[in-house]
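To convert, take the position in the sequence shown, counting from 1, and add 244; that gives our numbering. Ideal Cβ placement from N, Cα and C applies to all residues, glycine included. Heads up, the thing below is written out as structure tokens.
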Amino acid sequence: MKGQWTLILGLIAALLISIFAVINVDSVTVDFMFATTQVPLILIILGSVLMGGVIVGAVGMLKVYKLQQEIRRLKKSQQEGRQVSDHPDPKDQTSETEHSDTD
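Right, dumping it as structure tokens:
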């Protein structure tokens, strides 16, 4: 259900941005450090939205990658912990029995 709401809100946002971009078709002057040029405002708006989406997507993918690495690390440490508990050290058992005999 959460995924459906996310999709619906994303479509509404895309529709609003598209309407806003289509309304603003006038040419504007864009000043780069080395040159100036006339560009339709719709291209500036859509380019900015696209760049923002790419940046947000890249940050999200980086976060997912880091979380996957953390999951792998935790699974590995958990498996190592099970292997240690499956085969306890005999020296540890003898020291435990010695302590229980003295009580």
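(request) Could you spell out the range, first to last residue, of the beta strand (DSSP E) harbouring Val283? (result) Position 39 of the sequence shown holds residue 283. Residues 280-284.
(request) Would you identify the three-state DSSP class for Val274, choosing helix, strand or coil? (result) On the sequence shown, residue 274 is found 30 positions in, with the first residue counted as 1. The answer is strand: DSSP assigns Val274 an E or B state.
(request) Under the assumption that Ser271 contacts Gln282 (Cβ atoms under 8 Å), give the Cβ distance between them as a whole number of angstroms. (result) Counting from one through the sequence shown, the residue named residue 271 turns up at place 27. Counting from one through the sequence shown, the residue named residue 282 turns up at place 38. Between Gln282 and Ser271 the Cβ distance is about 5 Å, and since that is below 8 Å, they are a contact.
(request) Please report how far the alpha carbon of Val300 lies from the alpha carbon of Asn268, in whole angstroms. (result) The sequence position of residue 300 within the sequence shown is 56, counting from 1. The sequence position of residue 268 within the sequence shown is 24, counting from 1. Answer to the nearest angstrom: the Cα atoms are 25 Å apart.
(message) Measuring straight from C-alpha to C-alpha, what distance separates Met245 and Leu253?
(response) Here residue 245 refers to the residue found at position 1 when the sequence shown is read from its first residue. Here residue 253 refers to the residue found at position 9 when the sequence shown is read from its first residue. Distance between the alpha carbons of Met245 and Leu253: 13 Å.
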